[in-house]
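In my numbering, the protein residues as written are 455 to 656. Okay, so here's the structure we're looking at.
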Amino acid sequence: VTTVMEADMSRVVAYRRRWQAEFRRREGLRLTFTPFFVRAVVEGLKAVPQVNSSFTDDGILLHRQIHIGIAVALEDGLIVPVIRDADRLSLSGLQRAVTDLAERARSRRLRPDEVQGATFTITNHGVSGSLFATPIINQPNAGILGIGAIQKRPVVVTVEGVDSIAIKPMCYLSFTFDHRVLDGAVADRFLAKVVEVLEHWS
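Encoded structure:
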């Protein structure tokens with residue numbers, strides 16, 4: 455089952471633009487959007503821990519650790535390296551982990567243990583321009599978040615009770631979940647938290 459919400463990425467876009475040069479100078483890395491989504495997912499999993507679970511032969515297994523799988527496209531398929539204990543990493547730490555894992559995935563230098571043990575997975579299909587997708591769950595995870603392309607769109611904004619049209623960088627987020635583990639209300643609560651974190655980034 456897939457549920458979809460959209461996020462106003464204005465604050466994330468502004469934050470990234472403001473700190474991009476300083477981040478590159480300090481870390482030697484380009485600051486991408488991926489660590490922002492990872493951080494938002496981490497906060498969502500903390501708020502709705504049922505999502506950080508797996509369906510097993512013995513029932514539902516709730517994970518204490520938060521290990522985020524990041525889908526990386528290769529020429530001949532897809533691989534999902536894992537950021538372990540993602541909740542313990544800063545934005546800089548998440549970017550370092552994302553960059554390192556993606557580079558080693560593309561050069562076939564990942565260790566077997568680095569593609570195992572994800573408790574939740576993120577796939578950024580938006581990098582190829584896709585706006586919306588229904589991603590396939592990375593079993594045995596209870597869910598996977600699909601991230602669409604960030605595009606400027608006209609949206610209705612309300613200021614002091616007055617509606618107007620504004621141009622905003624918007625992004626569709628699609629959360630595919632295992633209905634044996636989660637119901638729609640729980641899934642929507644998780645996705646709403648992810649959106650909230652992104653829209654109120656500071």
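Glycine residues also receive a C-beta, built at the ideal position from the N, C-alpha and C atoms. A quick note: this is a predicted structure, and the numbers were derived from the prediction, not measured.
Does the Cβ of residue i lie closer than 6 Å to at least one heavy atom of the ligand ATP?
i: Val-495; result: Although the ligand ATP was asked about, the structure shown includes no ligands whatsoever.
Out of the options, state which residue places its alpha-carbon closest to the alpha-carbon of residue i.
i: Phe-631; options: Thr-588, Phe-477 and Val-616; result: Thr-588
i: Ala-620; options: Leu-483, Pro-503 and Asp-462; result: Asp-462
i: His-579; options: Ala-572, Leu-499, Leu-645 and Leu-627; result: Leu-627
i: Arg-744; options: Ala-540, Gln-570 and Arg-562; result: Since the first residue shown for the chain is 455 and the last is 656, residue 744 is missing from the structure and cannot be characterised.
i: Asn-592; options: Ala-603, Leu-585, Gly-571 and Arg-607; result: Gly-571
i: Ala-527; options: Glu-557, Gly-498, Leu-515 and Ala-501; result: Glu-557
i: Phe-509; options: Phe-574, Val-611, Arg-472 and Gln-474; result: Phe-574
i: Val-569; options: Arg-538, Leu-599 and Ala-646; result: Arg-538
Output the boundary residues of the beta strand (DSSP E) element that contains residue i.
i: Val-616; result: 616-631
i: Arg-607; result: 605-613
i: Leu-532; result: 531-533
i: Asp-541; result: From DSSP, Asp-541 is part of no beta strand (DSSP E); its letter is neither H nor E.
Looking at the unbroken alpha helix (DSSP H) that takes in residue i, where does it start and where does it end?
i: Leu-545; result: 545-560
i: Asp-642; result: 638-653
Return the Cβ separation of residue i and residue j in integer angstroms, given the expectation that the two are a contact with Cβ distance under 8 Å.
i: Ser-582; j: Glu-481; result: With a Cβ gap of about 26 Å, Ser-582 and Glu-481 do not count as contacting.
i: Pro-623; j: Gln-549; result: Wrong, their Cβ atoms sit about 20 Å apart, outside the cutoff.
i: Gly-602; j: Phe-586; result: 5 Å
Could you pull the DSSP bridge partners for residue i from this structure?
i: Thr-575; result: Gly-523 and Ile-598
i: Met-401; result: Nothing in the structure corresponds to residue 401, since the chain is present only between 455 and 656.
i: Ile-537; result: Ile-522
Can you list, in chain order, the stretches of the alpha helix (DSSP H) that have 4 or more residues and sit fully within the segment 465-526?
Taking only runs of at least 4 residues, the alpha helix (DSSP H) segments lying wholly in the segment 465-526 are 488-501.
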